[in-house]
Amino acid sequence: MANIRPLSEELQKIAIEELGEVPSRISADLKALKTWIEQQPHLRARTEDQFLIQFLRGSKYSLERAKEKIDLFYSLKTKYPEMFGAIDVDEPRFREIHNLGCYTILPIPLNENGPRIMVYRFNYSIDLYSNEDIYYPSSAMFELTMRNDPYTGIHGIILIFDFSQGSVKHFLQLTPSVCKKIVSFMEKSMPVRVPSVYFINVPTAAQAFFKLIVNLVSEKLRKRIHILGKGVQELTQYIPLKYLPSDYGGKNGCLNDLAKDYNKIFDSHREYIKENALYGTNESLRPGKPLNLEGLYGLGGSFRKLVVD
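Here is the structure:
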């Protein structure tokens, strides 16, 4: 029997109807995925049920898509450890950057039982941190959220990017290389749905950044991107005010307080994150042609087919 946390009745119904989950087949599906992992000479991946079932759910139970996502997930961690390879939550700089509250997950999902909501702010000093620095603790947060949060696991994450504190210098940090890494990790390797993305308080200086992002993401995700004006009035047409943080006049927590509170999650998963040092890929052992991550968006073959949802 699979060792996974049970879902609520409502979430289980959605997993069955929208993700193709068949409860009686979960153990067999997990076994097939574990067998494949064991047969890959280049891949060292977690094989616990709770971790792997999210790759099945995030791939709508397509075993081939789940394999591709796991492979890319660990390939990115190995190739770019400065962004995706955190292994020590007690590292002072890890906590220092996290406590800035650039990436914050809100406590109440949309409509109480829907997608999780995450807010990103450019509220950091470009003299002290790069965009890669900011993403370092955030990628650990995303991994824990996709593994532990049933709302993220079934409904996915709504992303809100708030540019109110962004400057031209912030946008200059978002080079094509950095954007490709982030999009690869978030859209192509993370096994979670992205039902919508909102850009708010967008200045003219960010237009070039948006053109780059739109060119990088899949057509499916492109249709889910909303570029809104200043303030939150337009945003509340999509997300009721009560589900937004108090910083925006809502009732879904204060961003700075939520960031600090999340340290308890890191504390309780200290050993889990430390174990990430044991996993990754070795391209010299990969059967066939080595994976070219720099040219990911120009690749033929299976990685071209990776899509959102």
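Numbering-wise (our numbering), the sequence shown opens with residue 11 and increments by one. The beta carbon of each residue, even a glycine, is placed where N, CA and C say it ideally should be. Because the structure is a prediction, the values reported are computed rather than measured.
For ASP277, which three-state DSSP category applies? If DSSP states are grouped into helix, strand and coil, ASP277 belongs with the helices.
Measuring alpha carbon to alpha carbon, tell me which of TYR90, ILE144, PRO255, LEU169 ends up nearest TYR134. ILE144
Whole-angstrom Cβ separation of ILE63 and ILE36, contact assumed at under 8 Å? 7 Å
Can you tell me where the alpha helix (DSSP H) with LEU268 in it begins and where it stops? Boundaries of the alpha helix (DSSP H) harbouring LEU268: 265-271, taken from the DSSP string.
Quick one: give me the first and last residue of the alpha helix (DSSP H) that HIS165 is part of. Note, HIS165: alpha helix (DSSP H), 160-165.
Excluding five sequence neighbours on each side, which residues of the same chain lie with their C-beta closer than 8 Å to the C-beta of ALA96? PHE104, TYR146, PRO147, SER149, ALA150, ILE283, ASN286
Under the three-state reduction of DSSP, which class applies to ARG56: helix, strand or coil? coil
Under 8 Å: do the region 159-172 and the region 19-32 share three or more Cβ pairs, one atom per stretch? yes
Count the other C-beta atoms from every protein chain shown that fall within 10 angstroms of the C-beta of THR291, then say buried if there are 16 or more, exposed otherwise. buried
CA nearest to the CA of SER18, picked from LEU53, GLN60, PRO160: Per the Cα distances, PRO160.
Going by beta carbon distance, what residues of the same chain come within less than 6 Å of PRO300, once the five residues before and after it are set aside? Residues of the same chain with a CB within less than 6 Å of the CB of PRO300, apart from the 5 flanking positions on each side, are GLU293 in chain order.
Can you give me the start and stop residues for the alpha helix (DSSP H) that ARG75 sits inside? Counting along the chain, ARG75 sits inside the alpha helix (DSSP H) bounded by residues 73-89.
Just grab the DSSP bridge partners of ILE170 for me. VAL129, TYR208
DSSP on TYR248, reduced to helix/strand/coil? coil
Would ILE120 be called buried (16 or more neighbouring beta carbons within 10 Å of its own) or exposed? In the sequence as displayed, the identity of residue 120 is Leu instead of Ile. In this structure LEU120 is buried. Its beta-carbon is surrounded by 16 or more other beta-carbon atoms within 10 angstroms.
For THR88, count the other beta carbons within 10 Å of its own beta carbon; 16 or more makes it buried, fewer makes it exposed. Which is it? By the neighbour-count rule (16 or more Cβ atoms within 10 Å), THR88 is buried.
By Cβ distance, which residues of its chain are closer than 7 Å to ILE237, with the 5 residues on each side in sequence left out? Counting only Cβ-Cβ distances below 7 Å, and skipping sequence neighbours, we find PHE209, VAL212, PHE220.
Going by C-alpha to C-alpha distance, which of HIS52, GLN247, TYR253 sits closest to GLY124? Ranking the options by Cα distance to GLY124, first place goes to TYR253.
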